Amino acid sequence: MSAIDVLSETELEVRDALPDDVHAIAAIYAWHVLHGRASFEEVPPTIDEMRHRMKSVAENGLPWLIALYRGIVVGYCYATPYRPRHAYRYTLEESIYVDASITGRGFGSALMDALIERCEQGPWRQMIAVVGDGNNNAGSLRLHKKHGFVIVGQLRSVGYKKGDWRDTVIMQRPLNDGDWTLPE
Numbered sequence: 001m002s003a004i005d006v007l008s009e010t011e012l013e014v015r016d017a018l019p020d021d022v023h024a025i026a027a028i029y030a031w032h033v034l035h036g037r038a039s040f041e042e043v044p045p046t047i048d049e050m051r052h053r054m055k056s057v058a059e060n061g062l063p064w065l066i067a068l069y070r071g072i073v074v075g076y077c078y079a080t081p082y083r084p085r086h087a088y089r090y091t092l093e094e095s096i097y098v099d100a101s102i103t104g105r106g107f108g109s110a111l112m113d114a115l116i117e118r119c120e121q122g123p124w125r126q127m128i129a130v131v132g133d134g135n136n137n138a139g140s141l142r143l144h145k146k147h148g149f150v151i152v153g154q155l156r157s158v159g160y161k162k163g164d165w166r167d168t169v170i171m172q173r174p175l176n177d178g179d180w181t182l183p184e
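According to the numbering used here, the sequence shown is numbered sequentially starting from 1.
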């Protein structure tokens, strides 16, 4: 991936992902799978698998968003049901990935703002972040804290990848009124 000079312009668009965006999304994620520490996948998913994942999110009525900078996909995020049991129906889990060559420049924040805003348009009350390799993933922890997430737990040594054990940090933030009111 090539570095993008994000300091010279502020031209950024966040929009719903389209089927044609799948190649860029897969490339961003493949880097994180192969070289990053956040994803616990060890083999990048195929284009067809990424298409399937995007379709599954859409079928659940949930957002999959991309960030475009100068027309180039520089990141993406999406929400999924937190767990399949019915009592979890008001809780979502978010995932967010940004081109590794341009992290820390505000693209993740723009995506997170848009994702939270979209999810607050629905009936959901809580959003969960499962931060892979949490204590070694300062950028993700910072991003989530900036957007109202708080650490609610840590799962120690639940992943083994590239020769070492990895923790996950569980973070949570309310959507809409959270648990202050009953769902409709």
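Backbone N, C-alpha and C fix where the C-beta goes; we use that ideal spot for every residue, glycine too. Just so you know, these numbers come straight off a predicted model, no measurement behind them.
Closest by CA to residue i, which one among the options?
i, options, result
"Phe40", "Gly159, Asp179 and Lys55", "Gly159"
"Thr103", "Val74, Val43, Val150 and Lys161", "Val74"
"Pro123", "Ala58, Thr181 and Ser56", "Thr181"
"Ala26", "Pro19, Arg15 and Met50", "Met50"
"Gly71", "Asp21, Asp164 and Arg166", "Asp21"
"Glu117", "Gly148, Leu155, Leu68 and Asp164", "Gly148"
I believe residue i touches residue j by the beta-carbon criterion, under 8 Å. Please report the beta-carbon distance rounded to the nearest angstrom.
i, j, result
"Leu65", "Ala100", "In fact, because the Cβ distance is near 19 Å, the residues do not count as touching under 8 Å."
"Leu155", "Ala67", "In fact, because the Cβ distance is near 29 Å, the residues do not count as touching under 8 Å."
Quick check: the Cα distance between residue i and residue j, rounded to an integer number of angstroms?
i, j, result
"Leu143", "Glu184", "31 Å"
"Arg115", "Ile128", "Residue 115 is actually Leu in this sequence, not Arg. Each residue's Cα considered, the two are about 12 Å apart."
"Ile4", "Ser109", "With a pLDDT of only 48 at Ile4, under 50, the local geometry of the prediction cannot be trusted, and no value is derived from it."
"Gly139", "Glu120", "24 Å"
"Arg125", "Glu59", "20 Å"
Report buried or exposed for residue i, applying the criterion of at least 16 other Cβ atoms within 10 angstroms of its Cβ.
i, result
"Leu62", "buried"
"Ala87", "exposed"
"Ile47", "exposed"
"Val152", "exposed"
"Asn137", "buried"
So, for residue i: in the same chain, excluding its five sequence neighbours on each side, which residues have a beta-carbon less than 6 Å away from its beta-carbon?
i, result
"Ala24", "Val73"
"Arg166", "Asp133 and Gly159"
Can you name, in chain order, every residue of its own chain whose Cβ lies under 7 Å from the Cβ of residue i, other than the five neighbours on each side?
i, result
"Ser95", "Cys77 and Tyr78"
"Asn130", "It is worth fixing the name first, because residue 130 is Val in this sequence and not Asn. Hits under 7 Å: Glu93, Thr168 and Ile170."
"Lys161", "Phe40 and Glu42"
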